[in-house]
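See structure below.
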Amino acid sequence: MRRLLPCVLMITLLLSGCRPAGGGETPEEAALALREAYQALAGWSASVDISVCYTETVYDFSLDAKWSRDGETVLTITAPELVAGITARVAQGETVLEYDGAGLSLGLLDDSGLTPVSAVTACMEQIEKGWMAQCAWAGENGEYLQISFRDPEREANAGTQFLLTFDRAGHALLSAEASAQGETVLTAQFTNFTTELKQDDTGDDA
Numbered sequence: 029m030r031r032l033l034p035c036v037l038m039i040t041l042l043l044s045g046c047r048p049a050g051g052g053e054t055p056e057e058a059a060l061a062l063r064e065a066y067q068a069l070a071g072w073s074a075s076v077d078i079s080v081c082y083t084e085t086v087y088d089f090s091l092d093a094k095w096s097r098d099g100e101t102v103l104t105i106t107a108p109e110l111v112a113g114i115t116a117r118v119a120q121g122e123t124v125l126e127y128d129g130a131g132l133s134l135g136l137l138d139d140s141g142l143t144p145v146s147a148v149t150a151c152m153e154q155i156e157k158g159w160m161a162q163c164a165w166a167g168e169n170g171e172y173l174q175i176s177f178r179d180p181e182r183e184a185n186a187g188t189q190f191l192l193t194f195d196r197a198g199h200a201l202l203s204a205e206a207s208a209q210g211e212t213v214l215t216a217q218f219t220n221f222t223t224e225l226k227q228d229d230t231g232d233d234a
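Residue numbers for the sequence shown follow this note's numbering, beginning at 29 and rising by one.
Put into structure tokens, the structure is as follows:
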């Protein structure tokens, strides 16, 4: 809760001072609405293509992700073929990944324990409660919403920072970029993004 207050205060100021004269929605308003929409989800699934940079080595792999709020999040590697089928399971409230099948060593991407596979769940943590450092429209026609998340107690480009891109209309997560100490360590592309609402909510899935 300590980190949520600065975010709320910052966005409140931005909303009061940056509203366009025509009354259109600001990126900050859209970001708040998007956060509320994700907090109403019971789960989502997507295919994810991930590229990881370890100093001078680049490693690419793909996985199927099924994120669950109250159940178990399941991340199954689909490529490359050598490690396809390896599954990481994350229980609610847990931060340790448990793997089925053969061992898998992917290494750490920062000093907080971020790994290529845990980056998927880390993105959700940022969406739901991360500090929004900057919000902006992107794309030729402003069809995307980009939100930058970072630790408010650190300077920009210090520590770990996430840049997430969403479909402006449907709120689907499209891509993610994680950087550590100002250097990009991971990029991810999300496709076939579908959502599941909580049972007490109504509406169509994305």
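We put the CB at the ideal spot given by N, CA and C, even for glycine.
Applying the 10 Å Cβ sphere with the 16-neighbour rule, what's the burial state of residue i?
i      : result
Leu214 : buried
Gln209 : exposed
Ala130 : Residue confidence is low: Ala130 scores 47 on pLDDT, short of 50, so the model does not pin down where it sits. Its coordinate-derived value is still stated next. Classification of Ala130: exposed, given that the 10 Å Cβ count is below 16.
Pro144 : buried
Ser140 : exposed
Thr219 : exposed
Leu235 : The structure shown has nothing for residue 235, since the chain only spans 29 to 234.
Ala206 : buried
Leu192 : buried
Leu110 : exposed
Ala119 : exposed
Ala216 : buried
Ala323 : With the chain running from 29 to 234 in the structure shown, residue 323 is simply not present.
Ala204 : buried
Can you tell me which of the three DSSP states residue i falls into?
i     : result
Arg97 : coil
Ala61 : helix
Glu84 : coil
Mind checking who residue i pairs with in its DSSP beta bridge?
i      : result
Ala216 : Ile78 and Ala204
Glu56  : According to DSSP, which records beta bridges pairwise, Glu56 is partnered with nothing at all.
Phe89  : Ile78
Gly71  : Ser96 and Glu224
Glu211 : Ala208
> Can you list the beta strand (DSSP E) stretches of 3 or more residues lying completely in the region 121-206, in chain order?
Replying inline: 126-128, 160-166, 172-177 and 188-195
> Taking one C-beta from the region 82-99 and one from the region 56-63 each time, how about it: are there three or more such pairs within less than 8 Å?
Replying inline: no
>> Within 8 Å, do at least three Cβ pairs link the region 173-192 to the region 144-160?
In response: yes
>> Using a Cβ distance threshold of 8 Å, determine whether the region 93-103 contacts the region 138-158, with at least three qualifying pairs required.
In response: yes
> So does the region 221-228 actually touch the region 62-78, counting three or more Cβ pairs closer than 8 Å?
Replying inline: yes
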